[in-house]
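Notes for the one structure printed next.
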Amino acid sequence: MGQQAHAITDAPDVPAGVKSAGRAYHQRRNVKIIVDSTADFAPGVVEQLGVEVIPFTYVGPDGEHVDDMWAESDPHEFYENMRKHPDAHYTTAAVTPGRYYEVFKRAAQEGMPTLYMGLTEGLSSSINSARQAAEMVQKEYPDFEIYVLDNKCDSAAGELLAIEVVRQASNGLSAKELYEWASDARYFVHGYFTLDSFDALAAGGRIPPAAANVGGKLDIKPELSYDTNGALTLRGMCRGRKKALRAILQDFRDNYAHDTTLPLAIVSTDAQKDADWLEREVRKEKGCEDVAIIHSSVSPILGSHVGPGMVALVFWGTDRREKMSLTDRIARKVKRGGSAQ
12 MGQQAHAITD APDVPAGVKS AGRAYHQRRN VKIIVDSTAD FAPGVVEQLG
62 VEVIPFTYVG PDGEHVDDMW AESDPHEFYE NMRKHPDAHY TTAAVTPGRY
112 YEVFKRAAQE GMPTLYMGLT EGLSSSINSA RQAAEMVQKE YPDFEIYVLD
162 NKCDSAAGEL LAIEVVRQAS NGLSAKELYE WASDARYFVH GYFTLDSFDA
212 LAAGGRIPPA AANVGGKLDI KPELSYDTNG ALTLRGMCRG RKKALRAILQ
262 DFRDNYAHDT TLPLAIVSTD AQKDADWLER EVRKEKGCED VAIIHSSVSP
312 ILGSHVGPGM VALVFWGTDR REKMSLTDRI ARKVKRGGSA Q
């Protein structure tokens, strides 16, 4: 079942703008907004927004777990355990159509127009399960209005998108208008990150083990992002951790929207020292001295695939579609006649 959040008053680390958007959304309440746990929400943010969360599940050495966004577990302990037991096996599972069906059917019975925003198809098949479930529910409830949005991004990029969708809902946008707004807005959320090692990527089959071994011996650190389909993409290779962090900072300088009303996010898999360094450097940038920065820990769902030591900077910026290859641009023009998925 989904987890319904209720607004709380005591959340000192949640930016004031997030709190006010949540209050206004709660008062208007003309749209039901559902997200999933892979958006790596910071403590208190979900409760302040008042959105419903569908959790993913993962399996570790000690069995299956529901991603509760660290409500009953400690991120440091989780990632420290991965460090101590590098051969331990972790797997994650997409949310099933049946799980989505339960949540969407309940929304239909409430009679509330609904928008679901889920982890990108570039990383998980879960969004397709959500589409199947939405179709099933609409057959039973023909008047039920539901929209399923692929975030085309991951982790805290989904969190920033959800915050702004709630803000737009509080301004009176309908479910359909929110879907159309978010279908465009999702391409303006940037995320850049680096890893401490290639081991987790190799274990997950994303890179050859030999490449991971060479990268480790040469102290090579990757800088990664996600493309317009939400799939991971390698931006460059850096000799040493500090150079990788500086590459992230440079991408921030090159792409930041310079709108301080929009919060930034810094997330990590137990790499708080580097997360704090990124915040200090961001605040040195002109106009960023007082911008709201949300810190959170990456969930086991994504963390299982990147391993401990990952750190990311996420922010609103330029249109990511404008940096596509010529082939992608042509494909985009061909698809413009249809609705966004």
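Heads up, the sequence shown is in the working numbering, so the first residue is 12 and it goes up one at a time. Glycine included, each C-beta is placed from N, C-alpha and C at the ideal position. Being a predicted model, the structure only gives us computed values, none of them experimental.
- Item | Proximity winner among Leu273, Leu256, Ser308 and His96, relative to Glu292 (alpha-carbon distances) | Leu256
- Message: Check for me: the alpha helix (DSSP H) holding Pro108 runs from which residue to which?
- Response: Pro108 to Glu121
- Message: Taking the alpha helix (DSSP H) that Gly194 belongs to, which residues open and close that run?
- Response: Residue 194 is actually Ser in this sequence, not Gly. Element bounds for Ser194: Ala186 to Ala196.
- Can we count Asp51 as close to the ligand MG, meaning its CB is less than 7 angstroms from some heavy atom? Absence of the ligand MG from the depicted structure is noted, as is the absence of any ligand whatsoever, leaving it without description.
- Query: Between the C-alpha atoms of Arg34 and Asp98, what's the straight-line distance to the nearest angstrom?
  - Reply: 46 angstroms
- Can you tell me the Cα-Cα spacing of Met147 and Arg250, whole angstroms? 51 angstroms
- Item | DSSP bridge partner residues for Phe326 (one or two, in chain order) | His201
- Message: Report the start-end ranges of each alpha helix (DSSP H) in the region 259-305 that is 4 residues or longer and not cut off at the edges.
- Response: 283-294
- Message: One question on the structure: do Cys164 and Tyr237 come within less than 8 angstroms of each other, judged by their Cβ atoms?
- Response: yes
- Is Lys163 helix, strand or coil when you go by DSSP? coil
- With 16 other CB atoms within 10 Å as the buried threshold, where does Ala104 fall? exposed
- Query: Thinking C-beta only, is Val177 closer than 8 angstroms to Ala193?
  - Reply: no
- Task: For the region 125-157, list the beta strand (DSSP E) runs that are entirely contained and at least 3 residues long, ordered along the chain.
- Result: 125-129
- Task: Sort Asp262, Ser310 and Met321 by Cα distance to Glu296 and report the nearest one.
- Result: Asp262
- Helix or strand or just coil, what does DSSP make of Ser31? helix
- CA-CA distance, Leu206 and Ile259? 12 angstroms
- Item | Limits of the unbroken beta strand (DSSP E) element including Gly314 | Gly314 -> not in any beta strand (DSSP E); alpha helix (DSSP H) instead, spanning Pro311 to Val317.
- Task: Label Thr125 either buried or exposed according to how many other C-beta atoms from any shown protein chain fall within 10 Å of its C-beta, with 16 as the threshold for buried.
- Result: buried
- Inter-stretch contact (C-beta, 8 angstroms, three-pair minimum) for the region 48-58 and the region 306-314: yes
- Task: On the DSSP bridge assignment, give the partners of Thr103 in chain order.
- Result: Tyr69
- Item | Beta carbon of Ala173 nearer than 8 angstroms to that of Ile157 | no
- Short Cβ contact (8 angstroms threshold) for Glu91 with Asp281: yes
- Task: Return the Cβ separation of Phe67 and Asp85 in integer angstroms, given the expectation that the two are a contact with Cβ distance under 8 angstroms.
- Result: Between Asp85 and Phe67 the Cβ distance is about 19 angstroms, and since that is not below 8 angstroms, they are no contact.
- Message: Measuring straight from C-alpha to C-alpha, what distance separates Thr271 and Trp327?
- Response: 10 angstroms
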